[in-house]
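Visitor: Numbering (our numbering), first residue to last: 559 to 824. Where is the CB? At the ideal position from N, CA and C, for every residue including glycine. These numbers come from a predicted model, not from an experiment.
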Ligand code: SF4
């Protein structure tokens, strides 16, 4: 049995390592608690939660909620979270209202694009997948929405709530998105004959990008994940300070991050 404490792998773990090995070590090896959650992550979490709930109602044949009720629910959870969550931090010098307005816009765009939320096949939100990359190394992930069409084809839907646009986030399509690549790899073992398509929804911009997954791409993703695993296993956990230090929940204990932020305030 593998003794790697950072397993199972996941796209967020690999991305965390790529961003900064030292933060990866704090988070997944030493399992230290993070001092705060950024308001962007908090907003994304709430939008995903509500999307999943309203779509579940559609799947169960209930009447869709009114948009006003959806937005009020967001506001209620938002106020609740900020009240309870002393650890939610606004990193940029913006007012929290700006983030709430953005989260509302993302939900509203989702609402009009999907109303009346009738499923087009078998649909599962926040679908957990767990598969073996190689012996003793498993990968785990949660797909925002997985659709299995009546003809057996499979769709992976990923809802983006941030400000970054498709051309920045997906410069190489699937090849540039480790997360969808890993999901496709896992699903190709469960649905070996299906055509798998990735759909990225950039909710703030009402933009959807689709790409059909090829065998070459899943092979490429597997190789990339294995290379990273090798790197992680022999890592010296070097700090890699960047602008992301401002959002890092360990920046109160990391000297390299502190020095970097002193020189480059936001
Ligand atoms: S503060 Fe910056 S350098 Fe330090 S662990 Fe976090 S991301 Fe890495």
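So, helix, strand or coil for residue 804, using DSSP?
Guide: Three-state result, residue 804: helix.
Visitor: Going by DSSP, what residue range makes up the alpha helix (DSSP H) through residue 795?
Guide: Unbroken run through residue 795: none, as it is neither H nor E.
Visitor: Curious, which full-length alpha helix (DSSP H) runs of at least 4 residues does the region 711–767 contain?
Guide: Counting only runs of 4 or more, we get 724–727 and 736–748.
Visitor: Helix, strand or coil for residue 686, going by three-state DSSP, please let me know.
Guide: Residue state, collapsed to three classes: strand.
Visitor: How long is the line joining the alpha carbons of residue 703 and residue 614, rounded to whole angstroms?
Guide: Near 11 Å, if we compare the C-alpha coordinates of residue 614 and residue 703.
Visitor: Inspect the beta-carbon positions of residue 675 and residue 708 and report whether they are closer than 8 Å.
Guide: Against a cut-off of 8 Å, the Cβ pair of residue 708 and residue 675 comes out as no contact.
Visitor: Going by DSSP, what residue range makes up the beta strand (DSSP E) through residue 642?
Guide: Premise fails: residue 642 lies in the alpha helix (DSSP H), 625–642, not in any beta strand (DSSP E).
Visitor: For residue 820, verify whether its CB is less than 7 Å away from any heavy atom of the ligand SF4.
Guide: Checking the Cβ of residue 820 against the ligand SF4 gives no.
Visitor: On a CA-only basis, which of 666, 781 and 611 is nearest residue 760? Give me that one, please.
Guide: Of 666, 781 and 611, the residue nearest in Cα terms is 666.
Visitor: What does the shell around the ligand SF4 hold, if a residue joins when its beta-carbon is under 5 Å from any heavy atom?
Guide: Working through the chain, the matches are 578, 580, 581, 797, 799, 803, 806, 808, 809, 812, 814 and 815.
Visitor: Would you mind reading off the limits of the beta strand (DSSP E) that contains residue 700?
Guide: Residue 700 -> beta strand (DSSP E) spans 695–706.
Visitor: Using beta-carbon positions only, say whether residue 668 and residue 701 come within less than 8 Å of one another.
Guide: No, Cβ-Cβ distance for residue 668 and residue 701 is not below 8 Å.
Visitor: For residue 574, which option in 719, 659 and 586 has the closest C-alpha, if you only look at C-alpha atoms?
Guide: If we check each option's Cα against that of residue 574, 586 comes out closest.
Visitor: What is the residue span of the alpha helix (DSSP H) that residue 675 lies within?
Guide: Taken as a continuous stretch (DSSP letters only), residue 675 belongs to no alpha helix (DSSP H), as it is neither H nor E.
Visitor: Measuring straight from C-alpha to C-alpha, what distance separates residue 789 and residue 579?
Guide: Looking at the two C-alpha atoms, the distance is approximately 10 Å.
Visitor: Pick from 784, 600 and 764: whose alpha carbon is nearest that of residue 638?
Guide: Of the candidates 784, 600 and 764, the one whose C-alpha sits nearest the C-alpha of residue 638 is 600.
Visitor: For residue 663, which residues from the same chain have a beta carbon less than 7 Å from its beta carbon, with the 5 sequence-adjacent residues on both sides left out?
Guide: So the qualifying residues of the chain are 762.
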